[in-house]
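72 is the number of the first residue of the sequence shown in our numbering; add one for each residue after it. A virtual CB, placed ideally from N, CA and C, is assigned to each residue, including glycine.
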Amino acid sequence: MTLSIVANLIIDIGNTAVKAAFSQGTVVGNVHRYYGKEVLDFILSIAAEQKPQIIAISTVRKFDDNFYCRLEGECEKLVVLNDKTEIPLVNRYNTPSTLGPDRLSSAFAAKELFPGRDILIFDFGTALTINFVASSGEFLGGNISLGLKTRYVALNLYTQQLPLLETPAEVEAIGASTNDAINSGVVLGAIFEVEGYIRQYPNHIHIFTGGDAIYFAEKMKSPIFVVYNLVLMGLARVADYYEKK
Numbered sequence: 072m073t074l075s076i077v078a079n080l081i082i083d084i085g086n087t088a089v090k091a092a093f094s095q096g097t098v099v100g101n102v103h104r105y106y107g108k109e110v111l112d113f114i115l116s117i118a119a120e121q122k123p124q125i126i127a128i129s130t131v132r133k134f135d136d137n138f139y140c141r142l143e144g145e146c147e148k149l150v151v152l153n154d155k156t157e158i159p160l161v162n163r164y165n166t167p168s169t170l171g172p173d174r175l176s177s178a179f180a181a182k183e184l185f186p187g188r189d190i191l192i193f194d195f196g197t198a199l200t201i202n203f204v205a206s207s208g209e210f211l212g213g214n215i216s217l218g219l220k221t222r223y224v225a226l227n228l229y230t231q232q233l234p235l236l237e238t239p240a241e242v243e244a245i246g247a248s249t250n251d252a253i254n255s256g257v258v259l260g261a262i263f264e265v266e267g268y269i270r271q272y273p274n275h276i277h278i279f280t281g282g283d284a285i286y287f288a289e290k291m292k293s294p295i296f297v298v299y300n301l302v303l304m305g306l307a308r309v310a311d312y313y314e315k316k
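#1: How about Ala-225 and Leu-235: are their beta carbons less than 8 Å apart?
#2: For the pair the stretch 175-190 and the stretch 202-218, tell me if three or more CB-CB distances fall below 8 Å.
#3: Distance, Cα to Cα, Arg-104 vs Leu-115?
#4: Among the residues of its own chain, which have a CB less than 7 Å from the CB of Ile-125, if the five just before and after it don't count?
#5: Skipping 5 residues on each side, what residues in its chain have a beta carbon closer than 7 Å to that of Tyr-268?
#6: From the DSSP output, which residues share a beta bridge with Arg-104?
#7: Any idea what DSSP makes of Glu-289, helix, strand or coil?
#8: If you check the beta carbons only, do Asp-173 and Val-131 fall under 8 Å apart?
#9: Give me, in chain order, the residues of the same chain whose beta-carbon lies closer than 8 Å to that of Pro-239; leave out the 5 immediate sequence neighbours on both sides.
#10: Just checking my contact of Leu-306 with Ala-88 at CB under 8 Å: how many whole Å lie between their CB atoms?
#11: For Leu-191, does the three-state DSSP call read helix, strand or coil?
#12: Along the chain, where does the alpha helix (DSSP H) containing Asn-137 start, and where does it finish?
#13: Which residues mark the beginning and the end of the alpha helix (DSSP H) in which Ala-198 is found?
#14: Based on DSSP bridge pairs, tell me the residues matched to Asn-79.
#15: State the Cα-Cα distance for the pair Ile-82 and Ser-293, rounded to the nearest angstrom.
#16: So for Thr-156, helix, strand or coil by DSSP?
#17: What three-state label does DSSP hand Asn-162 in the structure shown?
#18: Going by DSSP, which residues form a beta bridge with Leu-217?
#19: What are the boundary residues of the beta strand (DSSP E) that includes Leu-149?
#20: Any idea what DSSP makes of Gly-260, helix, strand or coil?
#21: Check each candidate in Gly-85, Arg-270, Tyr-272 and Asn-300 and name the one with the smallest Cα separation from Phe-279.
#22: Which residues share a DSSP beta bridge with His-275?
#23: Among the residues of its own chain, which have a CB less than 7 Å from the CB of Gln-271, if the five just before and after it don't count?
#24: Helix, strand or coil for Ala-225? Go by DSSP, reduced to three states.
#25: Could you round the C-beta distance between Leu-219 and Phe-195 to whole angstroms and report it? I think they count as a contact, below 8 Å.
Next up, the structure:
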């Protein structure tokens, strides 16, 4: 879907990838992905397609003042999501300045998608984050664990003889070789971790998002919702909120 009317530009800068899209209201357009180092050039190339009214950005990386000055020049208003950004979501995190804006954006989107429901968000990326949104519309916090690929890297990096493997489509219940043992330990360990949360909170809405969401969704026995680009959906709502202020 291409949004040809005046739109906002929303940008999710994660540990591995940068995602950008135009949005109108809460509707997210085509998502552009970038895995290189020239993040500013990538964003400027997207902004050149049509001048956005608002640029809303979530980033887990640090950038200098020039980065943000350049973005301010491309829009009427730049909104950098952090703990001081005014949004209609109550944040109960004890250390809000340390909260990743991606987690905050996901929580905002989930609250709007499932109003009045307790929600558990699993974001399968470089890290596996598990975030709780109360039925009252409050972000309660959550837990942070290793993402799937990070588990593989850690085993390879902190041992002398274990190889770095690619994630297989399927794994055995019991590994009969070292490679199988690594794959089964990594994948089943993550599955058991996620299923443990689901069993602990059976009445919550369970949302899977992030790069490995489909991989895990196909292996779940419990009903879950897969929501692509949840962070961008939250940023679209942030931009829409500021557009209407």
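For this structure:
#1: Here residue 225 corresponds to residue number 154 of the sequence shown, with the count starting at 1. Here residue 235 corresponds to residue number 164 of the sequence shown, with the count starting at 1. No, Cβ-Cβ distance for Ala-225 and Leu-235 is not below 8 Å.
#2: yes
#3: In the sequence shown, residue 104 corresponds to position 33, counting from 1. In the sequence shown, residue 115 corresponds to position 44, counting from 1. Cα-Cα distance, rounded: 13 Å.
#4: Position 54 of the sequence shown, counted from the first residue, corresponds to residue 125. Cβ within range, chain order: Asn-79, Cys-146, Glu-147, Lys-148, Val-150, Ala-310, Tyr-313 and Glu-314.
#5: Working through the sequence shown from its first residue, we reach residue 268 at position 197. Within the same chain, Tyr-268 has close Cβ partners Leu-191 and Ile-201.
#6: Counted from its first residue, the sequence shown places residue 104 at position 33. BP columns for Arg-104 point to Lys-90.
#7: Position 218 of the sequence shown holds residue 289. Three-state result, Glu-289: coil.
#8: Taking the sequence shown and counting its residues from 1, the one referred to as residue 173 is at position 102. Taking the sequence shown and counting its residues from 1, the one referred to as residue 131 is at position 60. Cβ distance < 8 Å, so Asp-173 and Val-131 count as in contact.
#9: The residue labelled residue 239 in the question sits at position 168 within the sequence shown. Hits under 8 Å: Asn-254 and Val-258.
#10: In the sequence shown, residue 306 corresponds to position 235, counting from 1. In the sequence shown, residue 88 corresponds to position 17, counting from 1. No, Leu-306 and Ala-88 are not in contact; Cβ-Cβ is about 15 Å, not under 8 Å.
#11: Position 120 of the sequence shown, counted from the first residue, corresponds to residue 191. Strand.
#12: For this step, residue 137 is matched to residue 66 along the sequence shown. From DSSP, the alpha helix (DSSP H) with Asn-137 extends over 136-143.
#13: In the sequence shown, counting from the first residue as 1, residue 198 sits at position 127. Segment 198-204 is the beta strand (DSSP E) holding Ala-198; no alpha helix (DSSP H) there.
#14: To locate residue 79, count along the sequence shown from 1; it is residue 8. Ser-94, per the DSSP bridge assignment.
#15: Position 11 of the sequence shown, counting from 1, holds the residue named residue 82. Position 222 of the sequence shown, counting from 1, holds the residue named residue 293. Near 32 Å, if we compare the C-alpha coordinates of Ser-293 and Ile-82.
#16: Your numbering for residue 156 matches position 85 in the sequence shown. Correct three-state label for Thr-156: coil.
#17: Counting from one through the sequence shown, the residue named residue 162 turns up at place 91. Here Asn-162 sits in strand by DSSP.
#18: Counting from one through the sequence shown, the residue named residue 217 turns up at place 146. According to DSSP, Leu-217 bridges with Ala-198.
#19: What you label residue 149 is simply residue 78 of the sequence shown in a count that begins at 1. Start and end: 148-151.
#20: The residue given as residue 260 occupies position 189 in the sequence shown. The answer is helix: DSSP assigns Gly-260 an H, G or I state.
#21: Your numbering for residue 279 matches position 208 in the sequence shown. It is Asn-300 whose Cα lies nearest to the Cα of Phe-279.
#22: Position 204 of the sequence shown, counted from the start, is the residue given in the question as residue 275. Paired residue(s): none; His-275 is not in a bridge.
#23: Along the sequence shown, read from residue 1 onward, the residue named residue 271 stands at position 200. Excluding positions up to five away in sequence, the list is empty.
#24: For the purposes of this step, residue 225 is taken as the residue at position 154 of the sequence shown. Three-state result, Ala-225: helix.
#25: Counting from 1 along the sequence shown, the entry for residue 219 is found at position 148. Counting from 1 along the sequence shown, the entry for residue 195 is found at position 124. Contact flag correct, Cβ pair sits at about 7 Å.
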